[in-house]
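2 protein chains.
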Amino acid sequence: MRKEMFEHEITILRDTFGRLLRRHAHTNLTKLIHKTHPADLAVVFRYFMDEEQIQVFNIMDENERTAEFLVELDDTMIANVLERESPERISHIIQHASANDQSYILGTLEDEHAQSVIDLLKTEDQEEIEELMGYPEDSAGAMMTTDIFTLYQDTSCGDALKTLQDQEEAEMVFYLYITDDDDCLVGVASLRALATTPSETLLRDIMAKRIHSVRPETDQEDVAQIVAQYNYLAVPVLDSDNHLLGLVTVDDVVDVIREEATEDFLRMAGAGKDREILLKSSWENAKARLPWLFASWIGGIIAATIIGRFEHMIQSMLALAAFIPVIMGMGGNIGTQSSTIIVRGMATGRIEIGSEMKILLKEMRVGLILGGLYGIMLGIFAYFKFFDADPMLGVVVGLSIWCSMLIAAVVGTFIPMFLRKVDIDPAIATGPFVTTSVDILGVFLYFMIAGYFLAL
Amino acid sequence: MRKEMFEHEITILRDTFGRLLRRHAHTNLTKLIHKTHPADLAVVFRYFMDEEQIQVFNIMDENERTAEFLVELDDTMIANVLERESPERISHIIQHASANDQSYILGTLEDEHAQSVIDLLKTEDQEEIEELMGYPEDSAGAMMTTDIFTLYQDTSCGDALKTLQDQEEAEMVFYLYITDDDDCLVGVASLRALATTPSETLLRDIMAKRIHSVRPETDQEDVAQIVAQYNYLAVPVLDSDNHLLGLVTVDDVVDVIREEATEDFLRMAGAGKDREILLKSSWENAKARLPWLFASWIGGIIAATIIGRFEHMIQSMLALAAFIPVIMGMGGNIGTQSSTIIVRGMATGRIEIGSEMKILLKEMRVGLILGGLYGIMLGIFAYFKFFDADPMLGVVVGLSIWCSMLIAAVVGTFIPMFLRKVDIDPAIATGPFVTTSVDILGVFLYFMIAGYFLAL
Chain A
1 MRKEMFEHEI TILRDTFGRL LRRHAHTNLT KLIHKTHPAD LAVVFRYFMD
51 EEQIQVFNIM DENERTAEFL VELDDTMIAN VLERESPERI SHIIQHASAN
101 DQSYILGTLE DEHAQSVIDL LKTEDQEEIE ELMGYPEDSA GAMMTTDIFT
151 LYQDTSCGDA LKTLQDQEEA EMVFYLYITD DDDCLVGVAS LRALATTPSE
201 TLLRDIMAKR IHSVRPETDQ EDVAQIVAQY NYLAVPVLDS DNHLLGLVTV
251 DDVVDVIREE ATEDFLRMAG AGKDREILLK SSWENAKARL PWLFASWIGG
301 IIAATIIGRF EHMIQSMLAL AAFIPVIMGM GGNIGTQSST IIVRGMATGR
351 IEIGSEMKIL LKEMRVGLIL GGLYGIMLGI FAYFKFFDAD PMLGVVVGLS
401 IWCSMLIAAV VGTFIPMFLR KVDIDPAIAT GPFVTTSVDI LGVFLYFMIA
451 GYFLAL
Chain B
1 MRKEMFEHEI TILRDTFGRL LRRHAHTNLT KLIHKTHPAD LAVVFRYFMD
51 EEQIQVFNIM DENERTAEFL VELDDTMIAN VLERESPERI SHIIQHASAN
101 DQSYILGTLE DEHAQSVIDL LKTEDQEEIE ELMGYPEDSA GAMMTTDIFT
151 LYQDTSCGDA LKTLQDQEEA EMVFYLYITD DDDCLVGVAS LRALATTPSE
201 TLLRDIMAKR IHSVRPETDQ EDVAQIVAQY NYLAVPVLDS DNHLLGLVTV
251 DDVVDVIREE ATEDFLRMAG AGKDREILLK SSWENAKARL PWLFASWIGG
301 IIAATIIGRF EHMIQSMLAL AAFIPVIMGM GGNIGTQSST IIVRGMATGR
351 IEIGSEMKIL LKEMRVGLIL GGLYGIMLGI FAYFKFFDAD PMLGVVVGLS
401 IWCSMLIAAV VGTFIPMFLR KVDIDPAIAT GPFVTTSVDI LGVFLYFMIA
451 GYFLAL
């Protein structure tokens, strides 16, 4: 009954599926599907070939469990699986799922295909789905569950407990949401508080009145922030009149936090922000990665032009060219370190507005320390290796490393801070800006210093 | 009562604190502290100067709320705040906190200081804390809550409900954990199932028997994986005899997911893995970042040596030097994109074992597409700009960009996959390995191609 060896069990499951699929053992496959947790099925499903996916999905029941399985897949994969399915089969699969799962699944389909599924659902479901699908992607409205119920504030705890027991829809009840005469949310009580209070006590006397809530248009990242900050299990979503529209639950927040981290990773590396990039074709993949490379291409042309201007210096001392890579590399790396620390510090709330100057000064000190250290080390290497060319080359190289690392640390710190100030997502633009500007500045400085000390 | 404007309210709170602190308005400060949520207090606390932090912490009550506030701070900050406090005050603050909060707070102190606090606590608390502090850092044991209770499988639902109502300690009850005659965990039931079942039904008849559990030594990342995968609110921690030791709850998992993402970000950028690096001194900061820079320094020396070997080629055609930066830059960037996509894909379970070859081939295609595109663009630029030097330079530069981007995409994909195969955390080593090897390979290839086409 334990499942400590998570990966191990997934491997076994995958092998069993593989064997049954090769033998086309339908009856056994059906049994195995029934026995497997929808979330596990979603994990092993990714390993299947396209034809195997079709084979498995074809024998899956048209019920809620299959809907649960679907929502655990990546969007692109849901779309692939459902593409060939009839609107009838899809509507059977999702008809008993929660409204947010329904709209999530339908959101992956082509508009026309989705509409023909919606037309087959019950009128009340249709309205709810259309409302949910109307909220912006990545908003609280798009991810909230609407299977909720509220209790009136003058209800007694005993009556509330009875009402609760009759609720079949609301499967994950963490808190009780309590409303006033105008149906506005005025308080919340825990299930535990309800169970441990004398049954005649009114809800208004046990409820907490200070509630954090969000609007349907609130960005999912802000919702995640609130849930993480206060250790909540759910956050209510209210309209402008304080009516309860739905709940965002912690299990969805866990997914959001992972997704947002993935998007930030990709953005920082200039690889777009599509967390399903691995599922996309090579062309789409290349298209997403093109823009950052363009920035670095422009940077390269500028660097080439700068070096072209200093050609006469290289001519007098060929050894100068040998150190271009290390000056760029050291600068680029310390710049990436700084910008990553800053971007992540801002994302996790560790860099407060107002503390920028202090952090900039600290990064400057780090740049001075590391630049000094590696500058001396590389200077000594250059001195001995290229002593014949000019003994001063060591000084030039060492000083250039020092300056370019110092500047890179400052640029790497400043750019994300500046971007936040002007309301651009620091993760998006930091990568290209930092590496490109550090490359150009580093090369330029190197030749300026060389010109000064070597008098070429 | 809404708190949608999260940042806005924090700003107001911070300003109010600032005003009261400047006026040394003790009475009002005390009132404000009482009114503020411990989690909010932890957020604004970061903005205070050292002396302000001392001033605020001095007037905080010696109670559970203060302990709650402390655990919301970063480790380094807890240590700073408590450093000057007497063991007596610390023991008063933490005496009513949960055992895992106690051991978490004590874990930030110097061993001797922590021991003198432990000596002041109740014997039963002492034992529990010492047990928890004995588990490895970042393990399920170190993060589990031990305020739990179990129910015997032959208990009726009615009796279970009564027992539950008497439990004051276990504040966050999500599931009921059910044991057999040997006190082994055999099942779990939801609070809702309990409330909606006739009171004479036995727990064994309503409990789910298939439970995912972890061992105390399980890594927190694996625990997070299970909670995220199955949308659990808590995972039981069992010893080797299946006795329930504690629970890891979803709110702690939310923190783990964020922390692990931050650590991966820093590791990928070669900036260590200390997520509190921003709170550390410049020296410690520099020390954490030194190793990656060393890798890139070694790479730079190798590149310098390679270029030194080809000095005669630069001498015959100075323009060759001008394109060193762009060849390195383009290769480095596409390599970073590939490795980021792969490392993150592995962390989120999107890259399955067995699918490596397929992904490698796809990245190769992406490298061919993007390398071809940018190679042609740069080749044309080089052709026109340096036509006088040699019309073939355009071909050399274009072909070099193409080859180096293709190789970079392959290296950036292969290295993290290889590291996972040999059980090294791909995030740790990917950064330095990829950029350094891509730099060296790129420069080497460039001069080989130049030697072939230009016949220098």
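Residue numbers (the numbering used here), protein chains in the order written: chain A, 1 to 456; chain B, 1 to 456. Even glycine gets a Cβ: it sits at the ideal position worked out from N, Cα and C. As the structure is a prediction and not an experimental result, all values here were calculated from the model.
Query	Result
Give the straight-line distance between the Cα atoms of Glu128(B) and Lys122(B), rounded to the nearest whole angstrom.	10 angstroms
If we count the other Cβ atoms within 10 Å of its Cβ and call it buried at 16 or more, is Met49(A) buried or exposed?	exposed
List the whole-angstrom C-beta distance separating Gly329(B) from Gly335(A), where the pair is believed to meet the contact cut-off of C-beta under 8 angstroms.	In fact, because the Cβ distance is near 13 angstroms, the residues do not count as touching under 8 angstroms.
Could you spell out the range, first to last residue, of the alpha helix (DSSP H) harbouring Leu244(B)?	Looking at the DSSP string, Leu244(B) is not in any alpha helix (DSSP H); the run it does join, the beta strand (DSSP E), is 244-249.
Just to confirm, are Thr305(A) and Lys385(B) a CB contact at a threshold of 9 angstroms?	yes
Is Val250(B) near Asp251(A), with beta carbons less than 9 angstroms apart?	yes
What whole-angstrom Cβ distance do Leu120(A) and Ala99(A) have, given they're in contact under 8 angstroms?	Actually they are not in contact, since the Cβ atoms of Leu120(A) and Ala99(A) sit about 16 angstroms apart, beyond 8 angstroms.
Can you list, in chain order, the residues of its chain whose CB lies under 7 angstroms from that of Thr460(B), leaving out five sequence neighbours each side?	Outside the displayed range of chain B (1 to 456) lies residue 460(B), so it cannot be described from this structure.
Excluding the five sequence neighbours on either side, which residues of its own chain have a C-beta within less than 6 angstroms of the C-beta of His489(B), listed in chain order?	An answer regarding residue 489(B) cannot be provided, because it is not within the stretch 1 to 456 covered by chain B.
Is it buried or exposed, His26(A), if we count other Cβ atoms within 10 angstroms and call 16 or more buried?	exposed
Round the Cβ separation of Gly398(B) and Ile369(B) to the nearest angstrom and send it over; I've been treating them as touching at under 8 angstroms.	14 angstroms between Cβ atoms; not a contact.
Under 8 angstroms by Cβ, that's how I've got Val254(A) and Val227(B) pegged, so tell me the actual separation to the nearest angstrom.	7 angstroms
Using CA atoms only, rank isn't needed, just tell me which of Trp297(B), Tyr232(B), Ala224(B), Asp182(B) is closest to Asp241(B).	Asp182(B)
Enumerated in chain order, which unbroken segments of the alpha helix (DSSP H) with a length of 4 residues or greater are wholly contained in the region 25-57 of chain B?	26-35, 38-45
On a CA-only basis, which of Thr30(A), Gly18(A), Gly354(A), Leu73(A) is nearest Tyr47(B)? Give me that one, please.	Gly354(A)
Just the chain A side, please: which residues come within less than 8 angstroms of Asp439(B) by C-beta, in chain order?	Pro325, Gly329
Classify Ala455(A): buried if its beta carbon has 16 or more other beta carbons within 10 angstroms, exposed otherwise.	exposed
Starting from the C-beta of Met1(B), find all residues in its chain whose C-beta is less than 8 angstroms away, skip the five residues before and the five after it, and write them out in chain order.	Its pLDDT being 31, under 50, Met1(B) is placed unreliably by the model, and the measurement read from it follows with that caveat. Result list for Met1(B): empty, nothing under 8 angstroms.
To the nearest angstrom, report how far apart Asp41(B) and Lys35(B) are at their CA atoms.	Looking at the sequence provided, one finds Leu at residue 41(B) rather than Asp. About 10 angstroms.
Using a Cβ cut-off of 9 angstroms, pull out every chain A residue sitting near Asp138(B), in sequence order please.	Here the premise fails: no neighbours, minimum Cβ distance about 16 angstroms.
Check the Cβ-Cβ distances between Met448(B) and every residue of chain A, and say whether any is below 9 angstroms.	no
Counting contacts by CB-CB distance shorter than 9 angstroms, is Ser355(A) in contact with chain B?	yes
Counting beta carbon pairs with one atom in the region 152-159 of chain B and one in the region 196-203 of chain B, are three or more of them shorter than 8 angstroms?	yes
For Ala208(A), report the span of its beta strand (DSSP E) as first-last.	Note, Ala208(A): premise wrong, no beta strand (DSSP E); not H, not E.
Which whole runs of the alpha helix (DSSP H) in the region 307-374 of chain A are 4 residues long or more, in chain order?	311-316, 319-322, 324-347
Report all residues from its chain with a CB closer than 8 angstroms to the CB of Ala67(B); omit the five preceding and five following residues, and keep chain order.	Ile93, Ile94, His96, Ala97, Asp101, Gln102, Ile105
Does Tyr72(B) pass the burial test, meaning 16 or more other C-beta atoms within 10 Å, or should it be called exposed?	Residue identity differs from the one stated: residue 72(B) is Glu in this sequence, not Tyr. The residue is buried, with at least 16 neighbouring Cβ atoms inside 10 Å.
With 16 other CB atoms within 10 Å as the buried threshold, where does Met448(B) fall?	exposed
What in chain A is Cβ-close to Trp292(B), meaning under 8 angstroms?	Asn333, Gln337
Less than 9 angstroms between the C-beta atoms of Tyr177(B) and Leu191(B), yes or no?	no
Check Asp166(B) in the structure and name its three-state DSSP category.	helix
Kindly indicate if chain B contains any beta-carbon less than 9 angstroms away from that of Gln53(A).	no
Whose C-beta lies closer than 6 angstroms to the C-beta of Asp423(A) among residues of the same chain, with five residues either side of it excluded?	none
Using the beta-carbon of each residue, which ones in chain A are nearer than 8 angstroms to Ile301(B)?	Val326, Leu378, Phe381
Where does Thr179(B) fall in DSSP's three states?	strand
Could one say the Cβ of Glu4(B) lies closer than 9 angstroms to chain A's Cβ atoms, at least one of them?	Its pLDDT being 40, under 50, Glu4(B) is placed unreliably by the model, and the measurement read from it follows with that caveat. Yes, contact with chain A.
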